[in-house]
Every structure is written in C-alpha cells, then in structure tokens.
Amino acid sequence: MIILMRLGASPEEIQTVCEVIRSHGVEPLELPGEDRVAVGIPASLSTDQRTNLEAALGSLDFVSKVTQTSRPYKLASREFHPSTSSVVVKNTTIGAGDFVVMGGPCSVESYEQFSTAAKIVKESGATILRGGAFKPRTSPYAFQGLAEEGLKIMQQVGQETGLITISEVMSGDMAPLVAQYVDILQIGARSMQNFPLLIEAGKTMKPVFLKRGPSASIDEFLLAAEYVLNQGNPNVILCERGVMPIDKGYTRNTLDLSAVPVLKQFSHLPVIVDPSHGTGVARYVAPMAKAAMVVGADGLMVEMHPDPRKALSDGSQSLTPEQFSTLMGELRSLAPYVGVKMA
Ligand code: PEP
Ligand code: MN
-11 MIILMRLGAS PEEIQTVCEV IRSHGVEPLE LPGEDRVAVG IPASLSTDQR TNLEAALGSL
49 DFVSKVTQTS RPYKLASREF HPSTSSVVVK NTTIGAGDFV VMGGPCSVES YEQFSTAAKI
109 VKESGATILR GGAFKPRTSP YAFQGLAEEG LKIMQQVGQE TGLITISEVM SGDMAPLVAQ
169 YVDILQIGAR SMQNFPLLIE AGKTMKPVFL KRGPSASIDE FLLAAEYVLN QGNPNVILCE
229 RGVMPIDKGY TRNTLDLSAV PVLKQFSHLP VIVDPSHGTG VARYVAPMAK AAMVVGADGL
289 MVEMHPDPRK ALSDGSQSLT PEQFSTLMGE LRSLAPYVGV KMA
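The sequence shown begins at -11 in my numbering and counts up one residue at a time.
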C-alpha cells in the first residue's frame, strides 16, 4: 500500500499518517518524492488490515490518494522507489548511466594467474575485478576454490591495482569473512533463494550482487532482492545470468535479455548481465555482451582467463585477454549510440 500525501503536506501531517499506520500493527516507510512525500507499507497486509487502514487514511484531508501496490515485492519495486538507484563502490557508480564491466577469471587459482588477469582487466579500462574463492561446483570432485587463501590473493591484487573486487559467498556464516576481504558480495545463481544467506549478506552492509536463479521467475528474483533490502542494505545489484536452456547441447543457459527491460520497468535496482554463464561458450560472449548494452543493462560480468585452456573452472566460456580487450573496445565504440558512458 502507498499513501500519497497532498502537495505541501507538513512534517506533522506525515507523522500523523505514520502513527495511524503503526496503530494498525505495521511499520511505515517514508518515501520522499520529487514534489511530494508518500508513505509506503512494505509488509503484506491481511484483508482486514487493508480495509481498516484504507478507511482510516482515506478520511485524512492531507492524504491525496491511497493505492494498493500491484507486486509482491516492495522495497525492490519502482512503485515504492520511482527514481532509479545506483550503487556507489569506491570510485565507480553502478547504474545511473555508467556502463561498468566486471572482468576476471571464474576462480582465483594463484597469485600469478590472478594478478595477470587483473592487469588485463585494468589495462582494458574495466573497473571491477571478479574471481571466485568459494566455488559452487556441480561435482564435489571438481576444483572447489582456494577458499580464504583466494580471498587474501584477491585483496592483495585489489590493493595493488586499485580495482574493486567481487567474490561469491556461499553460506550465511561466511558472509562476514568474505566481506572482510572484498568490496562486493556475490550471491550465486544456485544460492538465490538461500534466505539465511541473503539476510546475512544484507547485514554486512556491503553491496550485494545477486544472480538470478536458473529457474527463478522475475517475482522470485525481486523477492530475493527484497530479503537483502529488508536488512536496511540498499546496495543491491541484480544480475541476469541465463535461465534453464531448452537446447542443452548449444548453450549452457538461455540468456534472458528480455529480463533487462522488465527488471528496469518494475524495479529501480541496477541490472548487470553475465553473458559468460548465460551462454557457456566463449564465442557467444561478445555478441550477447553487446546486445546487453543495447537493451539497457548497466554493465556486464565477463569471465576472462590469462590462458582459458588451463582454467580450473569455466575455461570454455572464458575470453582470452585479447578477446576481452577487443570486446572492451567494441563496447566503447557502441556506448555513444546507446547513450551510456563508459570509464
Ligand atoms: C560464477 O560467477 O562463477 C558463477 C558460479 O556464476 P552463477 O552463480 O551465475 O552460476
Ligand atoms: Mn564461472
């Protein structure tokens, strides 16, 4: 429910509305707007609560309109937050017209491998360095990541290059540890509905990069974001990384690029596209990356390895350093036509 105040409503009148809402057992949320304030109720209301509140609020003459929200998510919704959000991490703004690229290997494998990758990321003008230390692998026999050692390498390389770092956290109890070492916490696609993890990641107050689950609907995706936002952490970045494919033999996932304009319409949060996991095939990464820019994404997450043939995970979808630099150049040429800025 959103209560739109009359133009010029006083702070006391806004407080009266908040008190009426509290007296019905729910917490209000003030939503400052361009010309007037609205008050939102993020909770799900029972039919009785809704009817009683509508009657109580509708009778106040400084209330202009009481509307029902049409979506199950609230804090992630554009209805609650009409202006577009951006997430500021150090010297980089994600969202709001800047197209950001997060590049790096699937896994941190060694200091040498990771610092080589970081130099290429930096030279090509990308600002965010990705790398997995805790890896969600389908097989327990596959490389599981260097764990805390990998995070230490990441932190060191981040400091040496000045790049912003992002790495995955797989469980709620590990959130404070990962937050100690990196700038952005990634929640992987397989963990999108790990609700205790979403809560703990939210509590760290670090930016949270939330990947869409392989079979998650838009509502499920935004409700997962809602868990993080509900911890008082506004710094959520959404990532479309492909959904379950029909044609298993051709692509690893089906990159749902239509999710980008949909998410932009119904949510105010920044949206990043991951064409690497979205396709699973290095040669499809660049075309889908450029398409992502055209459909309005705020940036990309792209896997790049100094020597993809030797990668311990996701080598077949990882770009070589040359392919990565070429892609960055192509994106930079495309940016003015799409109306976005690139660092
Ligand atoms: C990754 O980013 O390396 C990863 C495992 O991604 P996803 O969770 O999208 O599969
Ligand atoms: Mn990967």
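Heads up, the beta-carbon is just placed ideally off N, CA and C, and yes, glycines get one too.
Just curious, the beta strand (DSSP E) that residue i is in, first and last residue?
i	result
residue 340	Residue 340 cannot be examined here, being either before or after the span of the chain that is shown, -11 to 331.
residue 52	51 to 55
residue 80	80 to 82
residue 167	Counting along the chain, residue 167 falls outside any beta strand (DSSP E), though it belongs to the alpha helix (DSSP H) covering 163 to 169.
residue 197	196 to 199
residue 25	25 to 28
residue 219	Careful: residue 219 lies outside any beta strand (DSSP E) and carries neither H nor E.
residue 332	The structure shown does not extend to residue 332, since the chain is modelled only from -11 to 331, so the question has no answer here.
residue 245	From DSSP, residue 245 is part of no beta strand (DSSP E); its letter is neither H nor E.
residue -8	-10 to -7
residue 224	224 to 228
residue 260	259 to 261
residue 316	Not the beta strand (DSSP E): residue 316 falls in the alpha helix (DSSP H), residues 309 to 326.
residue 291	287 to 291
residue 173	172 to 175
Going by C-alpha distance, which of the options is nearest residue i?
i	options	result
residue 246	230, 256, 235	230
residue 289	274, 295, 301	274
residue 287	144, 319, 309	319
residue 22	214, 72, 142	72
residue 1	17, 48, 145, 285	48
residue 69	170, 97, 222	222
residue 203	214, 179, 194	179
residue 268	254, 243, 256	243
residue 312	298, 285, 271, 323	271
residue 148	285, 105, 128, 168	105
residue 167	194, 177, 236	194
residue 337	252, 52, 154, 82	Only positions -11 to 331 of the chain appear in the structure, and residue 337 is not among them; the question remains open.
residue -3	34, 26, 12	26
residue 133	158, 324, 112	158
residue 143	276, 238, 240, 165	165
residue 298	131, 239, 236, 277	131
residue 277	237, 251, 252, 322	322
residue 82	285, 317, 324	285
residue 252	206, 317, 110	206
Taking Cβ positions, are residue i and residue j nearer each other than 8 angstroms?
i	j	result
residue -6	residue 50	yes
residue 197	residue 225	yes
residue -11	residue 56	yes
residue 219	residue 187	yes
residue 292	residue -1	no
residue 152	residue 117	yes
residue 174	residue 199	yes
residue 181	residue 150	no
residue 300	residue 307	no
residue -8	residue 24	yes
residue 256	residue 305	no
residue 254	residue 59	yes
residue 80	residue 115	yes
residue 213	residue 84	no
residue 208	residue 176	no
residue 28	residue 19	yes
For the alpha helix (DSSP H) that residue i lies in, which residues bound it at each end?
i	result
residue 101	99 to 111
residue 156	Unbroken run through residue 156 is the beta strand (DSSP E), 152 to 156; no alpha helix (DSSP H).
residue 280	270 to 282
residue 2	-1 to 10
residue 142	136 to 149
So residue i and residue j are in contact, right, with Cβ under 8 angstroms, and what is the actual spacing, rounded?
i	j	result
residue 31	residue 7	Contact flag wrong, Cβ pair sits at about 16 angstroms.
residue 54	residue 42	5 angstroms
residue 108	residue 249	With 8 angstroms as the limit, residue 108 and residue 249 do not qualify as a contact, their Cβ atoms being about 31 angstroms apart.
residue 99	residue 210	Not a contact, Cβ separation roughly 38 angstroms.
residue 303	residue 294	Not a contact, Cβ separation roughly 11 angstroms.
residue 216	residue 189	6 angstroms
residue 138	residue 96	4 angstroms
Comparing the C-beta of residue i with each C-beta of chain B, is any distance below 8 angstroms?
i	result
residue 116	Absent from the structure is chain B; it holds one protein chain and no more.
Stretch pair the stretch 117 to 125 + the stretch 68 to 83: three plus CB contacts closer than 8 angstroms:
Below 8 angstroms, too few C-beta pairs join the stretch 117 to 125 and the stretch 68 to 83 to call them touching: fewer than three.
Between the stretch 320 to 328 and the stretch 276 to 289, do at least 3 Cβ pairs fall closer than 8 angstroms?
The stretch 320 to 328, when compared against the stretch 276 to 289, does touch it at the 8 angstroms Cβ threshold.
Evaluate the contact criterion for the stretch 251 to 265 versus the stretch 218 to 235: three or more CB pairs, one atom per stretch, below 8 angstroms.
Touching, yes, given that three or more Cβ pairs across the two stretches are closer than 8 angstroms.
Would the stretch 83 to 98 and the stretch 23 to 38 be scored as touching if the rule is three or more Cβ pairs under 8 angstroms?
As far as the Cβ criterion goes, the stretch 83 to 98 does not touch the stretch 23 to 38, which means the pair count is below three.
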